[in-house]
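For reference, the structure discussed in these notes is given below.
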Amino acid sequence: MYKKYFYLCSTLMYLCVLSRVHAQGVEEVRQLGASLDQFSLTFLAKTSRQIGDTINIALSPYTIWSLLNIIREGALENTAVELENTLGIPSNQDKDLFRRNFQILGKYLSRKNNVDVTLETTNSIFTAADQELKSTYLQVVERFYQAEILPVDFRNIKEAINTINNRVSNATKGRIPNLVKEGDIQNADVFISSVLFFKGLWANQFNKSATTREAFYDENGKEIGKVDMMNSFDIYPFSMILSNTATAVELAYKGNMSMIAILPKQGITLQSVLDNLAEQPFSNILDALDRSMIDFGDDPVYIHIPKFSITSDLTINAILYEMGIHDLFNADRANLLGMFNHYLYVSRILQRAEIQVDEEGTVASAATGANIQNKTRPPRFLANRPFAYFIVDKLSRAIIFAGKFSQP
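Heads up: the sequence shown is residues -23 to -1, 1 to 385, going by mature numbering (1 follows the signal peptide of the UniProt record, and there is no 0).
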């Protein structure tokens, strides 16, 4: 059976964050956030394992998760089942309830034109003139996923590239001007993108004059380069996690957003920590950090974390295949007849993500053994070796950005 195909793209740009969130529907949104977080942790662990220990990673699980949910709305039979299982959506989940919660989460995470923070998400479906979306599908993705449907002449490759890239560039405030090139959309009939732009400020900014040039080491203790190390001595949520194999610290942005940095204990690999994180709810880490403020909220912590900038360009088909999405990429088995009146399949899913962390903020676009050591002296979080980071909306507890820093 002949099938056409289309491309998907998830794009992220991070800057530094401040959040204001409304209070309704918190429990429902947190349930949705839990599914997103489980997907995020598994995706990061498998991405890290695939690309290797020494490669830095910046990615947005939220935009990938959003994009796949947009596709799931048009998937049928086993294609839908595989997507539901991978995305952490129960098979008996009420569709209308899920859609409403997704819509609420999107509103939580949309903070536009704020003097302290900008957090915007944009979902776009670029379609050829002869690829008409089913009306029922169109109504759902426009209403609940805030997707915009944009016509593109894919026969004119240059025009199509310009249309897509201009859209993404505008959504990321020019940070990602050239998302796709000719080979990315060759023979495409549909192109779907999910874009996130995030900008904000640390609640407690680092003193630039305290930043020092210091050595950075690999997991074997060998110096592999120098970093500009930001330094602070202040009150931060701080906890031992994962049965004392790693340390977590929370660096708050203004508002309800935070960066959670996780540093393995010396002698423990970052990959093993990421694998362990994927086996338990991320809320355990957040709960441990919250408890630390109750127990030791007056005690300051030494924080040493490098300034860093990471750009990742990833084709993520293989990772998603490993996570259980098979039929979607198979021309003979993909069933997207809830979206179109004919057969299509997905040939490629791309993500480009950027993050920049400095003294002012961030540009980006299982039961945890939360044992807190008796603080006879101020604890120290010294990130001079590979560590993981997560940017989290504290109200929904949703991970919207994640990655690792392994190499200066």
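Even glycine gets a Cβ: it sits at the ideal position worked out from N, Cα and C.
Practice prompt. Could you name the residues that DSSP lists as bridge partners for residue 100?
Written response: 124, 171
Worksheet item: What do you reckon, are the CB atoms on residue 250 and residue 239 nearer than 8 Å?
Response: yes
Discussion item. Which residue wins for smallest C-alpha separation from residue 311, given the options 32, 174, 76, 52?
Written reply: Ranking the options by Cα distance to residue 311, first place goes to 52.
Discussion item. What residue range does the beta strand (DSSP E) around residue 265 cover?
Written reply: Here residue 265 belongs to no beta strand (DSSP E); instead the alpha helix (DSSP H) covers 260 to 273.
Discussion item. Below 8 Å on the Cβ atoms is my contact criterion, and I expect residue 361 with residue 192 to pass it. Report the Cβ-Cβ distance as a whole number of Å.
Written reply: 7 Å
Worksheet item: Sorted by chain position, which residues of the same chain lie with C-beta nearer than 7 Å to residue 45's C-beta, five sequence neighbours on each side aside?
Response: Excluding positions up to five away in sequence, the list reads 60, 64.
Item to complete: Check residue 329 in the structure and name its three-state DSSP category.
Response: strand
Worksheet item: Which class does residue 335 belong to by DSSP, given the choice of helix, strand or coil?
Response: coil
Item to complete: Quick one: measure Cβ to Cβ for residue 316 and residue 111, integer angstroms, because I've assumed they're closer than 8 Å.
Response: 6 Å
Practice prompt. Indicate whether the contact test is met: 3 or more Cβ pairs, each with one atom in the stretch 22 to 31 and one in the stretch 94 to 105, closer than 8 Å.
Written response: no
Worksheet item: First and last residue of the alpha helix (DSSP H) that includes residue 161?
Response: 159 to 162
Worksheet entry | Inter-residue Cα distance where the pair is residue 260 and residue 269 | Rounded to the nearest angstrom, the two C-alpha atoms are 14 Å apart.
Item to complete: Please report how far the alpha carbon of residue 371 lies from the alpha carbon of residue 122, in whole angstroms.
Response: 22 Å
Practice prompt. Report the partner residues of residue 281 according to the DSSP bridge assignment.
Written response: Answer is 208, 359, bridged to residue 281.
Fill in: Span of the beta strand (DSSP E), counted from its first residue to its last, around residue 189
For residue 189, the enclosing beta strand (DSSP E) starts and ends at 189 to 194.
Fill in: Contact the stretch 295 to 315 vs the stretch 240 to 249: 3+ CB pairs below 8 Å
no
Practice prompt. Below 6 Å CB to CB, which residues in the same chain sit around residue 214 once its five sequence neighbours on both sides are set aside?
Written response: 227, 266, 269, 270
Worksheet item: Per DSSP, residue 241 forms a beta bridge with which residues?
Response: 223
Worksheet item: If we ignore side chains and look at the alpha-carbon of each, how far apart do residue 6 and residue 384 end up?
Response: 35 Å
Worksheet item: When the Cα atoms are used, what is the spatial distance from residue 174 to residue 161?
Response: One C-alpha to the other measures close to 22 Å.
Worksheet item: Which term fits residue 232, buried or exposed, when burial requires 16 or more other beta carbons within 10 angstroms of its beta carbon?
Response: Looking at its Cβ environment, which holds 16 or more other Cβ atoms inside 10 Å, residue 232 is buried.
Worksheet item: Taking residue 293 as the reference, which of 14, 107, 20 has the closest Cα?
Response: 20
Discussion item. Within 8 Å of any Cβ in chain B, is that where the Cβ of residue 356 sits?
Written reply: In summary, chain B is missing from the structure at hand, where a single protein chain is found.
Practice prompt. Reducing DSSP to helix, strand and coil, say where residue 387 ends up.
Written response: Not covered by the structure: residue 387. The range shown for the chain is -23 to 385.
Worksheet entry | Pair within 8 Å by beta-carbon distance, residue 206 and residue 369 | no
Worksheet entry | First and last residue of the uninterrupted alpha helix (DSSP H) at residue 135 | 134 to 148
Worksheet entry | Rounded separation between residue 70 and residue 272 - CA only | Near 38 Å, if we compare the C-alpha coordinates of residue 272 and residue 70.
Worksheet entry | Three-way DSSP call (helix, strand, coil) for residue 48 in this model | helix
Worksheet item: For residue 36 versus residue 324, is the C-beta distance shorter than 8 Å?
Response: no
Worksheet item: Any idea if residue 74 is buried or exposed, counting beta-carbon neighbours within 10 angstroms, 16 or more meaning buried?
Response: exposed
Practice prompt. Please look up how many angstroms separate the CB atoms of residue 367 and residue 376, rounded, as I've assumed it's under 8 Å.
Written response: With 8 Å as the limit, residue 367 and residue 376 qualify as a contact, their Cβ atoms being about 5 Å apart.
Worksheet item: Hey, how far is the Cα of residue 319 from the Cα of residue 166?
Response: Taking the CA atoms as reference points, residue 319 sits about 12 Å from residue 166.
Worksheet item: If you count every other CB in all the chains shown that lies within 10 Å of the CB of residue 363, and 16 or more means buried, which is it?
Response: buried
Discussion item. One question on the structure: do residue 237 and residue 223 come within less than 8 Å of each other, judged by their Cβ atoms?
Written reply: no
Discussion item. Cutting at 6 Å between CB atoms, please list the residues of its own chain near residue 80, excluding the five before and the five after it.
Written reply: 121
Item to complete: Out of 209, 241, 198, state which residue places its alpha-carbon closest to the alpha-carbon of residue 218.
Response: If we check each option's Cα against that of residue 218, 241 comes out closest.
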